[in-house]
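Add 16 to the 1-based position in the sequence shown for our numbering, that's all there is to it. C-beta atoms are modelled at their ideal positions from N, C-alpha and C, and glycine is treated no differently. The structure displayed is predicted, hence computed values, not measured ones. A quick write-up on the structure given underneath.
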Amino acid sequence: MFCSRCGSQLAEESAPCPRCGAPAGGAAPRPASTSPVSGSRSSAAAQGFSFAAARLSQADRIAGTATVVLLVSLFLPWFMVSAGPFGYSWSGMSAHSYLWLVFVLCLGIIAVLVLGAGFAGIPVQLPVPLGTIMLAATGLNLLIVLLAFFVRPNGFGIVTITWTFGAFIALFAAIAACGHTAMLIMQARSGR
Numbered sequence: 017m018f019c020s021r022c023g024s025q026l027a028e029e030s031a032p033c034p035r036c037g038a039p040a041g042g043a044a045p046r047p048a049s050t051s052p053v054s055g056s057r058s059s060a061a062a063q064g065f066s067f068a069a070a071r072l073s074q075a076d077r078i079a080g081t082a083t084v085v086l087l088v089s090l091f092l093p094w095f096m097v098s099a100g101p102f103g104y105s106w107s108g109m110s111a112h113s114y115l116w117l118v119f120v121l122c123l124g125i126i127a128v129l130v131l132g133a134g135f136a137g138i139p140v141q142l143p144v145p146l147g148t149i150m151l152a153a154t155g156l157n158l159l160i161v162l163l164a165f166f167v168r169p170n171g172f173g174i175v176t177i178t179w180t181f182g183a184f185i186a187l188f189a190a191i192a193a194c195g196h197t198a199m200l201i202m203q204a205r206s207g208r
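Structural data, given as structure tokens:
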């Protein structure tokens, strides 16, 4: 039997679906197009894309929300350049061009999470667990954002350069995206 909501394979006596929590009464028999050898991967691919946020874990939701906030904060003012009564603000992207790497990583993380919420199972075999890939991507984002935060352009003479709210939002979002995922992986490895 397969869950009618997410397409996960269910045991015959299963109560709610262990993946999405749908009641077992909504289970459907195996589609004729799937072979018993390939399991739920082909059933997920056969059913097509159907977005269900319930398929994402709490860690995925936190990392996804923080990643979206980080993506937006790249275009907010990071630095304020002032000279006497005049002032000008720089976004993180205009101050540090290497933040485009963070932009690309954020898009990749969001794409993985959308695909995870859209398909009942990942249709490809990954060489490492998805949690490890997410931790690596969010960790790299955190390192790059830390570098961009602390490498502040220097002022000269009467020109002063200070941080503004965009830099702090980006830093907190990068910490939140990486921190929660890292904590869950460490708990899983310790057996809690």
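Going by Cα to Cα distance, which pick from the options is closest to residue i?
i    : options                : result
Y114 : T197, R205, M199, L162 : L162
L200 : L146, I185, F172       : L146
I177 : A79, R71, P93          : P93
R205 : V130, L117, T148       : T148
V130 : R77, F166, P32         : R77
Q203 : A183, A75, A192        : A75
Please name the residue or residues paired with residue i in a DSSP beta bridge.
i    : result
A99  : F102, V175
P143 : Beta-bridge pairing links P143 to no other residue.
S89  : Answer is none; S89 lacks a bridge partner.
S107 : P93
Using the Cβ count rule (16 or more neighbours within 10 Å means buried), how would you classify residue i?
i    : result
G173 : exposed
N157 : buried
M150 : buried
S73  : exposed
L142 : exposed
L117 : exposed
Quick one: residues in its chain with C-beta nearer than 7 Å to the C-beta of residue i, no 5 flanking neighbours on either side, listed in chain order?
i    : result
A164 : G108, H112, L115
F91  : S107, M109
Y104 : V97
G171 : I177
State yes or no: is the C-beta of residue i within less than 8 Å of the C-beta of residue j?
i    : j    : result
A79  : T197 : yes
R71  : A127 : no
C122 : G155 : no
F65  : F135 : yes
What does a CB cutoff of less than 6 Å around residue i pick up in its chain, not counting 5 residues either side in sequence?
i    : result
A190 : L86, N157, L158, V161
I125 : T83, A153
A69  : A133
F67  : A133, G134
F188 : none
A192 : A82
A183 : W94, F165
Using C-beta distances below 8 Å, list every residue in its chain close to residue i, excluding the 5 sequence neighbours before and after it, in chain order.
i    : result
V175 : V97, S98, A99
F119 : L87, L90, M109
W179 : W94, F95, M96, F165, R168
A48  : With a pLDDT of 40 at A48, under the threshold of 50, the predicted position of this residue should be treated as unreliable, and no value is reported.
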